[in-house]
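Chemist:
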Amino acid sequence: MQEGQADPGLYDFKPYRDRAPFSWPGEKKVAVWVSPNLEYYEIDPPANPHRKSWAKPHPDVVGYAHRDHANRVGHWRMAEVMSKHGFPGSVSLSVALCQHHPEVVADANARGWEFFSHGIYNTRYSYGMDEAQERAIIEDSIRTVREATGQTIRGWLAPALTHTPRTLDLIAEYGLDYTCDLYHDDQPQPVNTASGDLISMPYSLEVNDHYGFFIYNMSPREYAQTLIRQYERLADEPSGTVMCIPLHSYLIGQPHRIGAFEEVLRHIAADGRAWITRSGDIADAWRAAHARESIA
46 MQEGQADPGL YDFKPYRDRA PFSWPGEKKV AVWVSPNLEY YEIDPPANPH RKSWAKPHPD
106 VVGYAHRDHA NRVGHWRMAE VMSKHGFPGS VSLSVALCQH HPEVVADANA RGWEFFSHGI
166 YNTRYSYGMD EAQERAIIED SIRTVREATG QTIRGWLAPA LTHTPRTLDL IAEYGLDYTC
226 DLYHDDQPQP VNTASGDLIS MPYSLEVNDH YGFFIYNMSP REYAQTLIRQ YERLADEPSG
286 TVMCIPLHSY LIGQPHRIGA FEEVLRHIAA DGRAWITRSG DIADAWRAAH ARESIA
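This is how it looks when you write it as structure tokens:
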């Protein structure tokens with residue numbers, strides 16, 4: 046990242062209209078991946094001078110307990126619906142969950158879900174970290190997820206979407222090959238880093254359930270309709286696009302919301318144009334397609 050510049054140089058400018066068309070495996074039009082955020086929030090985390098952890102003064106019992114619904118109830122409800130309709134998860138994981146609630150991680154792993162790191166806790170922010178601290182978090186993430194699941198993480202979503210100027214360079218240096226922290230495109234794109242081979246994986250703020258319910262104040266029905274509109278437009282476009290559905294099970298797993306979400310999964314699964322898959326599989330397919338382009 047180029048600090049002090051108008052353009053930080055994170056990626057090159059390549060307009061959508063100028064790209065060579067390609068399709069996903071099976072000639073599918075849109076790659077659809079669901080990203081459950083399996084998180085852990087500390088009720089009294091170390092203070093960060095750049096951002097408060099909770100809206101209320103300590104102890105924010107309401108905020109903490111609301112989010113704890115995810116691991117006690119919401120995850121199980123959401124996961125059952127996803128499995129019922131053939132949607133694997135690509136988990137944005139607060140890796141401390143492996144210690145706090147290993148049952149949740151084990152359930153996701155048994156379902157064949159992929160894991161990538163969302164930091165240690167979602168209440169510990171990257172702002173103000175020095176390089177040694179940031180390296181320690183990356184190393185902890187790789188080690189902890191491997192010990193808990195047998196998987197080696199490939200992706201990164203910064204804790205609470207907080208970064209330092211060196212974050213992308215560091216994750217690439219450690220061999221991670223995709224980041225979900227850039228929201229600039231509807232297709233994977235190369236990211237400029239000092240080393241490694243990092244691409245941006247289309248994630249989403251626009252159709253993230255946190256934004257849908259907390260920011261845009263959508264009803265469950267409005268959120269479901271938004272997801273379907275997002276899918277239909279991306280599936281109609283001529284080249285391979287990506288649709289991510291980022292979820293927090295303390296939100297989407299509520300009894301009054303889960304039915305509307307299930308209607309979305311049913312719609313996408315029945316349509317026939319979607320490659321329903323995981324984030325790492327999308328990264329592999331995109332790289333393979335563009336390797337063929339460079340050879341041609």
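First residue of the sequence shown: 46, per this note's numbering; consecutive thereafter.
The beta carbon of each residue, even a glycine, is placed where N, CA and C say it ideally should be.
Write down every uninterrupted run of the alpha helix (DSSP H) in the segment 223 to 302 whose length is 4 residues or greater and which is fully enclosed by it, in chain order.
Modeler: Here the runs fully enclosed are 265 to 281 and 294 to 297.
Chemist: Since Ser137 contacts Leu202 with CB under 8 Å, what's their CB separation in whole angstroms?
Modeler: With 8 Å as the limit, Ser137 and Leu202 qualify as a contact, their Cβ atoms being about 5 Å apart.
Chemist: Would you list the one or two residues that DSSP bridges to Val136?
Modeler: Phe160, per the DSSP bridge assignment.
Chemist: Who are the near neighbours of Ile340 in its chain, counting only those whose CB is closer than 8 Å to its CB and skipping five residues on each side?
Modeler: Annotation note: pLDDT 45 at Ile340 (below 50); position unreliable, coordinate value reported separately. Here the set comprises nothing.
Chemist: What does DSSP give as the partner residues of Ala305 in its beta bridges?
Modeler: Paired residues: none, contrary to the question.
Chemist: For Leu296, which residues of its own chain have a beta-carbon under 6 Å away from its beta-carbon, when the five flanking residues on both sides are left out?
Modeler: Only Asp254 and Phe258 meet the Cβ criterion.
Chemist: Going by DSSP, what residue range makes up the beta strand (DSSP E) through Pro81?
Modeler: Its beta strand (DSSP E) spans residues Val75 to Leu83.
Chemist: My output table needs one value for Met127: the three-state DSSP class, helix, strand or coil.
Modeler: DSSP places Met127 in helix when its eight states are reduced to three.
Chemist: By the three-class DSSP mapping on this structure, what secondary structure does Ile327 have?
Modeler: Ile327: helix per DSSP, three-state reduction.
Chemist: When the distance is taken between beta carbons, is Ser324 closer than 7 Å to Ser135?
Modeler: In this structure, Ser324 lies closer than 7 Å to Ser135 by Cβ.
Chemist: For Ala217, which of Asp230, Ala205 and Ile198 has the nearest alpha-carbon?
Modeler: Comparing Cα positions, the closest option is Ile198.
Chemist: State the start and end residues of the unbroken beta strand (DSSP E) segment that holds Ala319.
Modeler: Taken as a continuous stretch (DSSP letters only), the beta strand (DSSP E) holding Ala319 covers Ala319 to Ile321.
Chemist: Is it true that the CB of Ser139 sits closer than 7 Å to the CB of His163?
Modeler: Yes, the pair counts as a contact, with Cβ atoms nearer than the cut-off.
Chemist: Can you give the beta carbon distance from Leu142 to Tyr85, rounded, assuming they're within the 8 Å contact cut?
Modeler: Indeed, because the Cβ distance is near 5 Å, the residues count as touching under 8 Å.
Chemist: Give the secondary structure of Gly195 by DSSP, where H, G and I count as helix, E and B as strand, and everything else as coil.
Modeler: It is coil, neither helix nor strand.
Chemist: Taking 7 Å as the threshold (C-beta atoms), are Leu250 and Tyr276 in contact?
Modeler: Cβ distance not < 7 Å, so Tyr276 and Leu250 don't count as in contact.
Chemist: Nearest-angstrom Cα distance between Pro94 and Ala314?
Modeler: Distance between the alpha carbons of Pro94 and Ala314 is about 45 Å.
Chemist: Pull up the CB-CB distance for Thr189 and Asn154, whole angstroms please, since I reckon it's below 8 Å.
Modeler: Rounded, the Cβ-Cβ distance is 13 Å, inconsistent with contact.
Chemist: Could you spell out the range, first to last residue, of the alpha helix (DSSP H) harbouring Pro147?
Modeler: Residues Pro147 to Ala155.
Chemist: Give me the residue from Trp320, Ile260 and Ser264 with the minimum Cα distance to Met288.
Modeler: Out of Trp320, Ile260 and Ser264, Trp320 has the C-alpha closest to the C-alpha of Met288.
Chemist: Excluding the 5 residues flanking Pro147 on each side, which residues of the same chain have their C-beta closer than 7 Å to its C-beta?
Modeler: So the list reads Ala193, once near-sequence residues are dropped.
Chemist: Kindly identify the DSSP beta-bridge partner or partners of Asn93.
Modeler: Beta-bridge pairing links Asn93 to Arg96.
Chemist: For Gly200, which of helix, strand or coil comes out of DSSP?
Modeler: Of the three classes helix, strand and coil, the one that applies to Gly200 here is strand, per DSSP.
Chemist: Does the Cβ-Cβ distance between Thr224 and Ser171 come in under 7 Å?
Modeler: No.
Chemist: With 16 as the cutoff for other CB atoms within 10 Å, does Asp52 come out buried or exposed?
Modeler: Classification for Asp52: exposed.
Chemist: I'd like to check one pair, Val79 with Leu279: are the Cβ atoms closer than 7 Å?
Modeler: No, the pair does not count as a contact, with Cβ atoms beyond the cut-off.
Chemist: Suppose the cutoff is 8 Å on Cβ atoms and the five residues either side in sequence are ignored; what does the same chain contact list for Val236 look like?
Modeler: Answer for Val236: Leu55, Tyr56, Leu213, Ala217, Thr224, Leu227, Leu243, Ile244 and Ser245, listed in chain order.
Chemist: Under the rule that 16 or more other beta-carbon atoms within 10 Å means buried, what is Arg274, buried or exposed?
Modeler: Arg274 comes out exposed.
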